[in-house]
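Inspection log for the structure reproduced underneath, given as structure tokens.
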Amino acid sequence: MRVAEAWRVALDALRANRLRSALTMLGVIIGVASVVLLVAIGTGTKQKVEQQVEGLGSNLLLVVPGRIEVGNAPVVSPLTLKDVDAVTRVVGDPDRVAVTVASGATARAGARSDFTTVQGVLETTPAVFTRSLARGRYLTGTDVDTSRRVAVLGDSVARALFPDRDPLGQQVALAGVRFRVIGVFAPLGQSLGVDRDDEVHVPVTAAQRLWGTQRVDGIAVKAPDRERIDELGDRIVAELNRRHPDTEFSAVTQQQILGVLGDILGVLTGVLAAIAGISLLVGGVGVSNIMLVSVRERTREIGLRKAVGARPRDIGVQFLLEAVLLTTIGGLTGMALGVGSALLVDALSPIPAAITWWSLALAFGVSAVVGIVFGVVPAQRAGRLDPVVALRTE
Amino acid sequence: MTGSAVADPRGDRPAGERVAAIEAVDVSRTYQLDGVSVEALRGVSLTVQPGDYVALVGPSGSGKSTLMHLLGGLDRPTGGRLVIGGRDVNALAPPEMATLRNETIGFVFQAFHLLPRTSAVENVALPLVYRGVSARQRRERAAAMLGRVGLGHRLDHRPNQMSGGEQQRVAIARALVTEPTVLLADEPTGNLDSVTGAAVLELLEQLNAESGVALVMVTHDQEVAARAHRRITMRDGVVVGDSADPRSAHDRPPSVDHGRPATLVPAPSAEPRSASGSGPGHPSGGSGGAAGATGRLPREIERPGGTA
Ligand SMILES: Nc1ncnc2c1ncn2[C@@H]1O[C@H](COP(=O)(O)OP(=O)(O)O)[C@@H](O)[C@H]1O
Ligand SMILES: [Mg+2]
Numbered sequence: 001m002r003v004a005e006a007w008r009v010a011l012d013a014l015r016a017n018r019l020r021s022a023l024t025m026l027g028v029i030i031g032v033a034s035v036v037l038l039v040a041i042g043t044g045t046k047q048k049v050e051q052q053v054e055g056l057g058s059n060l061l062l063v064v065p066g067r068i069e070v071g072n073a074p075v076v077s078p079l080t081l082k083d084v085d086a087v088t089r090v091v092g093d094p095d096r097v098a099v100t101v102a103s104g105a106t107a108r109a110g111a112r113s114d115f116t117t118v119q120g121v122l123e124t125t126p127a128v129f130t131r132s133l134a135r136g137r138y139l140t141g142t143d144v145d146t147s148r149r150v151a152v153l154g155d156s157v158a159r160a161l162f163p164d165r166d167p168l169g170q171q172v173a174l175a176g177v178r179f180r181v182i183g184v185f186a187p188l189g190q191s192l193g194v195d196r197d198d199e200v201h202v203p204v205t206a207a208q209r210l211w212g213t214q215r216v217d218g219i220a221v222k223a224p225d226r227e228r229i230d231e232l233g234d235r236i237v238a239e240l241n242r243r244h245p246d247t248e249f250s251a252v253t254q255q256q257i258l259g260v261l262g263d264i265l266g267v268l269t270g271v272l273a274a275i276a277g278i279s280l281l282v283g284g285v286g287v288s289n290i291m292l293v294s295v296r297e298r299t300r301e302i303g304l305r306k307a308v309g310a311r312p313r314d315i316g317v318q319f320l321l322e323a324v325l326l327t328t329i330g331g332l333t334g335m336a337l338g339v340g341s342a343l344l345v346d347a348l349s350p351i352p353a354a355i356t357w358w359s360l361a362l363a364f365g366v367s368a369v370v371g372i373v374f375g376v377v378p379a380q381r382a383g384r385l386d387p388v389v390a391l392r393t394e
Numbered sequence: 001m002t003g004s005a006v007a008d009p010r011g012d013r014p015a016g017e018r019v020a021a022i023e024a025v026d027v028s029r030t031y032q033l034d035g036v037s038v039e040a041l042r043g044v045s046l047t048v049q050p051g052d053y054v055a056l057v058g059p060s061g062s063g064k065s066t067l068m069h070l071l072g073g074l075d076r077p078t079g080g081r082l083v084i085g086g087r088d089v090n091a092l093a094p095p096e097m098a099t100l101r102n103e104t105i106g107f108v109f110q111a112f113h114l115l116p117r118t119s120a121v122e123n124v125a126l127p128l129v130y131r132g133v134s135a136r137q138r139r140e141r142a143a144a145m146l147g148r149v150g151l152g153h154r155l156d157h158r159p160n161q162m163s164g165g166e167q168q169r170v171a172i173a174r175a176l177v178t179e180p181t182v183l184l185a186d187e188p189t190g191n192l193d194s195v196t197g198a199a200v201l202e203l204l205e206q207l208n209a210e211s212g213v214a215l216v217m218v219t220h221d222q223e224v225a226a227r228a229h230r231r232i233t234m235r236d237g238v239v240v241g242d243s244a245d246p247r248s249a250h251d252r253p254p255s256v257d258h259g260r261p262a263t264l265v266p267a268p269s270a271e272p273r274s275a276s277g278s279g280p281g282h283p284s285g286g287s288g289g290a291a292g293a294t295g296r297l298p299r300e301i302e303r304p305g306g307t308a
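Just so you know, the sequences run in chain order A and B. Letter by letter, the first sequence follows residues 1 to 394 of UniProt numbering. Letter by letter, the second sequence follows residues 1 to 308 of UniProt numbering.
Structure follows, in structure tokens:
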């Protein structure tokens with residue numbers, strides 16, 4: 001029998017039992033749609049996080065005390081501005097070095113208050129990290145050198161404290177000390193559930209005075225080129241180790257952060273896909289079940305076809321194609337449904353979702369394979385039916 | 001040798017003899033049913049020649065359908081030798097059996113067995129599907145065949161839109177569309193009223209006369225049986241009368257065939273078989289007497305050696 005003919009026969013059989021075919025496909029549709037949707041959410045989340053990490057600025061090297069590992073407790077930093085000077089000498093360019101000393105604090109303006117993160121920084125921050133201002137100006141070298149009490153507000157802090165006023169030139173009290181607002185950041189949005197606009201930048205010297213400390217929490221370096229970024233990190237760590245023999249330091253690149261985050265999100269995506277895959281499997285069992293019913297129902301037809309010359313293989317192929325058609329049509333419908341709901345989720349909810357061609361290819365391939373795997377047993381059974389017995393069946 | 005894996009039954013024949021369409025030698029068929037053996041056929045020998053018109057008669061349960069299934073290659077004998085279209089079925093794998101059925105046999109069943117929701121022309125074309133004939137040619141040939149059975153105006157009707165007689169005509173067209181050498185009809189009028197049945201019979205006889213297809217038909221109609229060229233009577237799984245075999249001529253009166261309880265037939269298993277087995281109509285059937293005590297032969301013994 002020609003293959004085209006076999007397809008036609010299989011399609012006719014599905015059409016003859018529309019409702020049953022549709023219900024059987026439903027299992028596959030739900031399975032494939034959930035695989036596509038969940039993989040899209042996993043991928044979308046990963047892409048967004050990657051974007052944000054990359055958006056920090058390129059060729060970034062973060063130097064912190066302790067080891068950077070998932071689940072490691074932060075170490076109290078022994079670093080001071082003197083260490084920053086030493087690192088700057090290693091780097092050779094003060095514009096490429098940024099620092100932070102951060103602490104939670106209540107910001108107050110008039111009757112309004114907002115609990116936020118106050119970051120003591122150098123004037124280099126916008127150049128090292130990619131940050132831009134919505135209004136006003138950023139800190140200057142003089143602000144830092146003279147510990148001037150000036151502040152740049154994150155977007156959400158500005159909104160919380162000055163909902164109906166221009167914050168520029170206004171006073172805010174940070175941990176009870178008055179600072180003058182000189183600028184407001186352009187909004188950044190959320191990253192991994194953290195509001196990145198919920199922060200206030202002040203000169204590092206002013207922050208240290210505010211909290212009565214010499215401490216610097218971390219140093220960020222923008223490396224001149226990607227190739228020598230690891231080598232530069234090693235040199236910085238060696239210098240810091242020389243100055244603080246009792247403390248371990250780590251220099252991590254964005255690539256390393258992305259790697260760690262990617263691993264976590266990859267596992268998450270895999271788990272989601274596996275859960276969805278189980279429903280696809282259940283759909284496959286449904287296909288197998290219905291195919292067995294179909295073989296039993298059409299026993300006489302099988303007997304007749306054999307009597308007029310159908311070989312066992314012809315019958316087997318016919319039923320196998322029927323199963324494969326059920327799952328691939330179901331698979332295509334499920335893909336459309338999955339893509340549609342992913343687009344809806346992405347557009348209407350804060351959850352990002354990104355369709356990837358491989359997830360579609362995978363879902364379609366898996367549904368076709370499910371059809372073959374779960375169609376083989378019923379098809380073989382049909383192919384082996386004894387024509388005499390089959391013809392006698394009521 | 002031509003490289004064929006199949007024994008050539010013509011090898012041991014005198015030159016000039018007609019090649020049989022089907023040749024059964026001491027064929028038996030035993031069903032296993034829940035551990036109980038049912039001997040449906042116990043050593044049947046018969047030859048169907050091209051163009052023959054054979055009526056197969058006998059009481060219900062005598063093994064007529066079982067024999068028809070064997071003759072048509074739908075089933076295999078559990079003993080004996082069966083050669084269809086020159087091919088020993090014991091040497092054939094299931095796919096080869098299917099091809100053999102497709103090429104040499106046409107079946108007409110009592111229950112029509114048309115595919116529902118499928119037009120007459122597509123039903124008739126079905127055997128051609130398994131021959132790889134193109135869709136256009138299939139339709140052409142099926143339509144022509146439907147014309148020959150008088151249904152040229154019913155091409156696209158479905159079985160449920162046709163009368164029983166019309167459905168059986170479609171089935172006959174389906175059986176003949178492949179131009180088989182033998183048409184096997186098992187009680188083809190059993191589901192039809194007498195008038196319709198008579199017309200269907202007339203059609204079968206006409207096709208047999210015109211196209212030269214051998215017709216083997218199971219019937220209960222003594223008139224029909226009398227019209228056949230040859231009448232074979234079965235009882236309890238053996239042939240008890242064959243009009244082509246002079247030695248069984250005493251069995252010929254039609255009254256023997258109907259409704260008589262099996263117990264009244266004397267020694268049906270031994271006597272008629274040896275009689276027919278050595279008759280002139282069965283040149284290669286001489287083994288019946290010796291091996292036929294149980295009616296079974298191990299299949300391997302009958303398998304030709306050259307299966308490589
Ligand atoms: N598949 C089967 N399994 C067991 N016994 C069978 C089977 N088919 C037929 N028989 C038995 O074989 C005998 C002959 O049956 P069958 O060939 O149908 O007779 P007929 O067609 O002459 O009425 C009967 O006794 C019947 O019960
Ligand atoms: Mg019968």
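Every residue gets a Cβ at the ideal spot worked out from N, C-alpha and C, and that includes glycine.
Assign residue i to one of three DSSP states: helix, strand, or coil.
i: P14(B); result: Residue placement at P14(B) cannot be trusted, given a pLDDT of 49 that sits under 50; the coordinates are not used to answer.
i: R135(A); result: strand
i: G85(B); result: coil
i: F109(B); result: coil
i: M25(A); result: helix
i: R231(B); result: strand
i: H220(B); result: coil
i: T205(A); result: helix
i: I219(A); result: strand
i: R149(A); result: coil
Going by beta-carbon coordinates alone, are residue i and residue j separated by less than 8 Å?
i: L46(B); j: V239(B); result: yes
i: G371(A); j: V35(A); result: no
i: L265(A); j: V49(A); result: yes
i: R154(B); j: A120(B); result: yes
i: E239(A); j: A86(A); result: yes
i: residue 409(A); j: R215(A); result: This structure does not reach residue 409(A), given that chain A is present from 1 up to 394, and the question cannot be answered.
i: A40(A); j: A342(A); result: yes
i: S250(A); j: G31(A); result: no
i: V63(A); j: R235(A); result: no
i: A207(A); j: V181(A); result: no
i: A6(A); j: Q256(A); result: no
i: P94(B); j: T178(B); result: no
i: R230(B); j: S243(B); result: yes
Can you tell me where the alpha helix (DSSP H) with residue i in it begins and where it stops?
i: E39(B); result: Careful: E39(B) lies outside any alpha helix (DSSP H), inside the beta strand (DSSP E) at 36-48.
i: H244(A); result: Segment: none, H244(A) is in no alpha helix (DSSP H) and carries neither H nor E.
i: Q380(A); result: 357-384
i: L11(A); result: 3-16
i: L81(A); result: 81-91
Residue i lies in the beta strand (DSSP E); which residues open and close that run?
i: A251(A); result: 249-253
i: R29(B); result: 22-33
i: S113(A); result: 112-121
i: residue 314(B); result: Residue 314(B) falls outside the range modelled here, since chain B spans only 1 to 308, and no answer is possible.
i: T106(A); result: 97-109
i: G132(B); result: Per DSSP, G132(B) belongs to no beta strand (DSSP E) and is neither H nor E.
i: A354(A); result: Segment: none, A354(A) is in no beta strand (DSSP E) and carries neither H nor E.
So is the beta-carbon of residue i under 7 Å away from any non-hydrogen atom of ligand 1?
i: V38(B); result: yes
i: L33(B); result: yes
i: K64(B); result: yes
i: G61(B); result: yes
i: G58(B); result: yes
Within the present structure, is the beta-carbon of residue i separated from the nearest heavy atom of ligand 2 by less than 7 Å?
i: D386(A); result: no
i: D314(A); result: no
i: D186(B); result: yes
Identify the contact partners of residue i in chain E, using a Cβ-Cβ distance below 8 Å as the criterion.
i: R300(A); result: Given the protein chain composition of this structure (A and B), no chain E is represented.
Please specify which runs of the beta strand (DSSP E), each continuous and at least 3 residues long, are wholly inside the segment 146-209 of chain B, giving them in chain order.
Runs of beta strand (DSSP E) with 3 or more residues, each lying fully within the segment 146-209 of chain B, are found at 182-186, listed in chain order.
Quick check on the DSSP output: what are the complete alpha helix (DSSP H) runs of length 4 or more inside the segment 256-328 of chain A, in order along the chain?
The qualifying runs are 299-307.
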